[in-house]
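Q:
Below is the structure:
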């Protein structure tokens with residue numbers, strides 16, 4: 090189905106993976122989510138990480154102040170030292186998910202899980218997952234093995250995902266921001282036997298390939314973790330999004346960094362897609378003659394997997410070309426300088 | 090052999106691949122070559138390219154003014170439109186080599202040779218190479234196929250090198266700045282049957298791997314074309330340099346870009362190694378207990394392959410740690426912030 094006419098109304102997004110940052114940076118970025126989203130699952134790898142029930146409550150307050158329209162969903166950061174005893178208190182304050190970060194694979198993850206740990210997880214960690222299972226908490230995985238070449242790091246992580254699915258059949262697991270054909274196939278295969286394994290797919294991984302990051306030049310604003318892969322991987326992601334399997338849902342992984350931390354000696358990983366995500370998703374589904382799939386991927390699959398309350402508010406877009414600014418509040422957004430056909 | 094004592098005298102470098110730039114930028118960079126080199130082969134992909142005998146003579150004058158100590162060796166830029174008639178006049182002004190740039194693979198190469206051309210070179214181009222062969226000009230190759238993923242682009246180019254070696258057995262050919270185990274093996278294999286195929290190896294490819302460019306963060310100052318590859322490729326390059334095969338010679342590919350063109354939206358390719366190359370080469374050979382190989386790789390192999398005159402001047406280094414500055418005349422040098430054990 091393709092749009093006709095110059096207006097369209099679509100459901101707000103449920104963005105199941107976003108970086109809200111903290112303090113002054115949050116004020117500059119989170120309002121983009123506010124006007125485009127019903128729910129947003131905010132990641133806990135902030136400058137001071139979200140570890141305790143108090144962290145969760147404080148961060149939720151800060152997010153609510155800055156992200157008025159959208160409902161923030163809270164996560165905590167799993168560490169190798171996390172104890173099973175901590176889970177019930179985290180669950181009691183409404184923490185939706187625990188996020189697993191391999192060591193050094195992305196922003197603020199140096200305290201994460203090592204490659205050795207992933208090969209041989211500790212009993213303490215398995216007990217933590219049992220507790221999460223018991224409290225209906227979701228396990229969110231950054232799926233890359235540390236110290237593996239960036240193009241191979243996700244693929245190597247998949248056996249760990251299989252181990253977890255088999256060991257904790259009642260634990261809901263989300264493999265975040267998948268980028269490879271292999272990950273798509275894993276999710277599709279397991280979807281025949283369980284509805285407890287899902288994956289988020291970003292906006293930018295539907296558009297970028299590795300050559301858009303490392304091409305004739307180096308493009309820091311397209312650099313994220315996991316890095317965009319080969320054209321066949323991107324095609325597999327597009328097929329997954331259009332295919333309608335409910336185990337694929339939207340997670341922007343919008344990850345703003347100040348321009349000075351992107352255009353520098355050592356450029357941070359992260360694509361800031363929040364200011365364009367809804368508009369580009371509409372354009373994406375429209376161009377693929379699949380507007381009827383927008384709601385499933387951007388809203389409904391997440392609602393069902395996470396058991397979110399139904400939000401019926403819609404957002405109205407007009408068919409009007411606009412050029413994405415080169416900078417918004419000191420941050421370069423995804424698709425800067427390019428033209429989008431729909432405007433809120 | 091390892092150095093002993095606190096002083097060492099080594100021959101000046103013959104750098105068989107360098108970017109001297111033009112105008113104001115040349116004034117800021119070329120003096121580093123001046124004090125470290127006997128001969129320098131300067132690349133012709135300048136902002137206005139070196140195409141004609143007049144270009145060659147003008148550029149040589151400009152280089153001589155700025156690069157006092159070292160003797161500039163001149164190249165011209167081969168284009169798909171280059172005519173066989175142009176070669177004798179270029180040879181008459183002492184042009185040493187013609188440089189082949191695939192389209193879009195590096196700085197100022199958008200007018201280069203397409204992937205289709207590389208698959209099926211024109212008769213005109215083959216006639217140009219015949220003329221170069223006749224005038225004892227060297228063919229220098231940037232060995233990457235356009236529009237191929239950066240990690241595979243050099244390997245895919247190698248069949249073209251083989252085609253050229255077989256078609257023009259008397260043409261001296263240099264595969265520039267090789268980065269892969271495959272390229273090392275190709276050169277070694279052909280060295281058993283001809284001395285007309287050689288390769289240059291840079292300083293930075295002896296130190297960097299792909300993860301130093303695309304790692305936890307993105308490192309624009311380590312980004313060059315061809316991009317640094319896997320650890321096993323770097324090991325093959327190190328073995329080639331230490332192995333003593335005369336078909337391997339030094340070419341820095343020192344390629345300065347203003348800091349603002351490296352730390353930006355679209356970062357230029359090129360590593361600026363000129364300010365540290367001699368010092369780091371001494372350290373490299375010293376650390377590998379192979380000081381006796383320094384002269385072969387950095388001076389003699391090029392002298393023999395290119396038929397350069399013998400320069401006996403030496404440069405004296407003192408064993409004294411120094412930290413490479415973060416910026417030299419507005420350009421970030423290779424190894425910035427790190428410590429080198431030898432100082433000129």
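Protein chains in written order, with our numbering: chain R, 90 to 433; chain Y, 90 to 433. All C-beta atoms in this analysis are idealised placements derived from N, C-alpha and C, irrespective of residue type, glycine included.
Which one or two residues does DSSP pair with residue 98 of chain Y in a beta bridge?
A: According to DSSP, which records beta bridges pairwise, residue 98 of chain Y is partnered with Y:405.
Q: At the level of alpha carbons, what is the spacing between residue 349 of chain Y and residue 196 of chain Y?
A: Going by the C-alpha atoms only, they are around 15 Å apart.
Q: With a cut-off of 8 Å on the beta carbons, I'd call residue 130 of chain Y and residue 107 of chain Y a contact; round off their distance for me.
A: With 8 Å as the limit, residue 130 of chain Y and residue 107 of chain Y qualify as a contact, their Cβ atoms being about 7 Å apart.
Q: Give a yes or no on whether the C-beta atoms belonging to residue 122 of chain R and residue 397 of chain R are separated by under 8 Å.
A: Cβ distance not < 8 Å, so residue 122 of chain R and residue 397 of chain R don't count as in contact.
Q: Just to check my reading of the structure: residue 262 of chain Y and residue 285 of chain Y have Cβ atoms closer than 8 Å, yes? What is that Cβ distance to the nearest angstrom?
A: Indeed, because the Cβ distance is near 6 Å, the residues count as touching under 8 Å.
Q: Who does residue 138 of chain R pair with in a DSSP beta bridge?
A: According to DSSP, which records beta bridges pairwise, residue 138 of chain R is partnered with nothing at all.
Q: Buried or exposed for residue 209 of chain Y, going by 16 or more other Cβ atoms inside 10 Å?
A: Exposed is the call here.
Q: Tell me the DSSP secondary structure of residue 320 of chain Y in three-state form.
A: Helix.
Q: Touching or not, the region 146-159 of chain Y and the region 364-373 of chain Y, by the rule of three or more beta carbon pairs under 8 Å?
A: Contact between the region 146-159 of chain Y and the region 364-373 of chain Y is absent, because fewer than three Cβ pairs lie under 8 Å.
Q: Residue 302 of chain R and residue 290 of chain R - do their beta-carbons sit closer together than 8 Å?
A: Contact flag unset, no.
Q: When the Cα of residue 294 of chain R is compared with those of R:282, R:307, R:270 and R:306, which residue comes out closest?
A: The shortest Cα separation from residue 294 of chain R among R:282, R:307, R:270 and R:306 belongs to R:270.
Q: For residue 100 of chain Y, which residues in chain R fall below 9 Å Cβ to Cβ?
A: Simply none; closest approach about 34 Å.
Q: Using a Cβ-Cβ distance under 8 Å, would residue 352 of chain Y count as near chain R?
A: It does; some Cβ of chain R falls within 8 Å.
Q: With burial defined as no fewer than 16 other Cβ atoms inside 10 Å of the residue's Cβ, what is the status of residue 110 of chain Y: buried or exposed?
A: It counts as buried.
Q: Sorted by chain position, which residues of the same chain lie with C-beta nearer than 7 Å to residue 338 of chain Y's C-beta, five sequence neighbours on each side aside?
A: 105, 287, 289, 386, 390, 391 and 394, listed in sequence order.
Q: Applying a beta-carbon distance threshold of less than 8 Å, which residues of chain R neighbour residue 132 of chain Y?
A: Within chain R, no residue comes near residue 132 of chain Y; the closest Cβ sits about 17 Å away, beyond 8 Å.
Q: Where does residue 420 of chain Y sit, in a helix, a strand or coil, going by DSSP?
A: Note: residue 420 of chain Y maps to strand in three-state DSSP.
Q: Below 8 Å on C-beta distance, what does residue 300 of chain R contact in chain Y?
A: What residue 300 of chain R touches in chain Y: 238 and 239.
Q: Following the continuous beta strand (DSSP E) through residue 90 of chain R, name the residue where it begins and the one where it ends.
A: No beta strand (DSSP E) holds residue 90 of chain R; DSSP gives it neither H nor E.
Q: Between which two residues does the alpha helix (DSSP H) harbouring residue 249 of chain R extend?
A: From DSSP, the alpha helix (DSSP H) with residue 249 of chain R extends over 242-256.
Q: Can you list, in chain order, the residues of the region 192-213 of chain R whose Cβ is nearer than 7 Å to any Cβ on chain Y?
A: Here the close residues are 193.
Q: For chain R, is any of its Cβ atoms less than 8 Å away from the one on residue 294 of chain Y?
A: For residue 294 of chain Y, the answer is no, since every Cβ of chain R falls outside 8 Å of its Cβ.
Q: Should the region 339-346 of chain Y be regarded as contacting the region 319-329 of chain Y, the criterion being three or more beta carbon pairs within less than 8 Å?
A: Flag = no, the region 339-346 of chain Y and the region 319-329 of chain Y do not touch.
Q: On the three-state DSSP scale, how would you describe residue 187 of chain Y?
A: In the structure shown, residue 187 of chain Y sits in a strand (DSSP, three-state: E or B).
Q: How far does the alpha helix (DSSP H) with residue 337 of chain Y in it extend, from its first residue to its last?
A: It is not in any alpha helix (DSSP H) - residue 337 of chain Y instead sits in the beta strand (DSSP E) that spans 337-339.
Q: Rank Y:159, Y:345 and Y:354 by C-alpha distance to the C-alpha of residue 360 of chain Y and give the top, closest one.
A: Looking at the Cα atoms, Y:345 is the closest of the given residues.
Q: Find out if the Cβ-Cβ distance for the pair residue 211 of chain Y, residue 187 of chain Y is shorter than 8 Å.
A: Result no, Cβ atoms of residue 211 of chain Y and residue 187 of chain Y do not sit closer than 8 Å.
Q: Can you tell me whether residue 267 of chain Y is helix, strand or coil according to DSSP?
A: Coil.
Q: Please state the DSSP three-state secondary structure of residue 346 of chain R.
A: Residue state, collapsed to three classes: coil.
Q: Here's the rule I'm using: 16 or more other beta-carbon atoms within 10 Å means buried, otherwise exposed. How should residue 119 of chain R be labelled?
A: Residue 119 of chain R comes out buried.
Q: How many whole angstroms separate the CB atoms of residue 134 of chain R and residue 198 of chain R, which I take to be in contact at a CB cut-off of 8 Å?
A: Right, their Cβ atoms sit about 6 Å apart.
Q: Is residue 402 of chain Y closer than 8 Å to residue 101 of chain Y when the C-beta atoms are compared?
A: In contact: residue 101 of chain Y and residue 402 of chain Y (Cβ atoms closer than 8 Å).
Q: Within the continuous alpha helix (DSSP H) that includes residue 367 of chain R, where are the two ends?
A: Its alpha helix (DSSP H) spans residues 366-376.
Q: Among R:364, R:124, R:377 and R:215, which has the Cα closest to the Cα of residue 158 of chain R?
A: Among R:364, R:124, R:377 and R:215, the Cα nearest to that of residue 158 of chain R is on R:124.
Q: Short check: CB of residue 162 of chain Y to CB of residue 185 of chain Y, under 8 Å?
A: Cβ atoms of residue 162 of chain Y and residue 185 of chain Y: closer than 8 Å.
Q: Cα-Cα, which of Y:418, Y:408 and Y:298 is closest to residue 98 of chain Y?
A: Nearest option by C-alpha distance: Y:408.
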